[in-house]
Amino acid sequence: MSNTALSRTERAHRRCDVDDLIAIAAALGVSPAALLPLETSPIQTWERIEGVLLG
Numbered sequence: 001m002s003n004t005a006l007s008r009t010e011r012a013h014r015r016c017d018v019d020d021l022i023a024i025a026a027a028l029g030v031s032p033a034a035l036l037p038l039e040t041s042p043i044q045t046w047e048r049i050e051g052v053l054l055g
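Counting in the UniProt record's numbering, the sequence shown runs without a single skipped number right up to 55 at its last residue.
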């Protein structure tokens, strides 16, 4: 995934497909499932993403 594609995905100007999810997870050293929200609350989802990113 290029830097441009990642930036566009982060800003919601581009959809994240399965291949992108796998690439992002690999770059972060986590499973793709770790990036998928299980909670319904946006705050809980953001906290989970922060936890994955910050370790």
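Where is the CB? At the ideal position from N, CA and C, for every residue including glycine.
In the three-state DSSP reduction, arginine 8 falls in the helix class (H, G or I).
Within the model, the alpha-carbon separation for threonine 9 versus arginine 15 is close to 6 Å. At a cut-off of 4 residues, the continuous stretches assigned as alpha helix (DSSP H) that sit fully inside the region 10-53 are 18-28. Exclusion of the five residues before and after proline 32 leaves Leu21, Ile22, Ala25 as the residues of its chain whose Cβ lies within less than 7 Å of its Cβ. Pairing leucine 28 with leucine 53 gives a Cβ-Cβ distance under 8 Å.
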